Amino acid sequence: MWWDEEFREEEEVEEEEQRESPVDFDFFSLLSKPKDYYKILEVDYDATEEIIRSNYIRLALKWHPDKKKEESATSRFQEINEAYKVLSDPVKRREYDEKGVCVVEDYNAIEYLNRY
């Protein structure tokens, strides 16, 4: 039938365009792996609020960018704050424990990227 031939021609053109595409990029690589907030704060998964808070204070003081002059200090400090923000809030902690991820800030993509 004529539509079968037309359909096959469209498929062949699409396949050829895909093969010739100069963009060979894995967009899933942009998605970061979920962070383990318990490891970031160096606490057990059943840690109490007091233990989480004391470890947060200890690590925040240790990794504060004004104290540590390493380039990684700022990002490490931000991770520590993010982990504490989730684990210190019972609702966010429950969501994180159930799903393995938790939305810390409500940004759209443009707002998120403009932060950096």
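Residue 1246 in our numbering sits at position 21 of the sequence shown, and the numbers go up by one each step. Each residue gets a CB set at the ideal place from its N, CA and C atoms; glycine is no exception. These figures come from a predicted structure and were not determined experimentally.
Distance CB(residue i)-CB(residue j) smaller than 9 Å
{"i": "K1293", "j": "R1283", "result": "no"}
DSSP-derived helix/strand/coil call for residue i
{"i": "E1295", "result": "coil"}
{"i": "V1316", "result": "helix"}
{"i": "Y1309", "result": "helix"}
{"i": "Y1270", "result": "coil"}
Element boundaries [alpha helix (DSSP H), containing residue i]
{"i": "L1286", "result": "E1274 to W1288"}
{"i": "K1264", "result": "Y1262 to I1265"}
Local Cβ density within 10 Å of residue i, reported as buried at 16 or more and exposed below that
{"i": "L1286", "result": "exposed"}
{"i": "V1326", "result": "exposed"}
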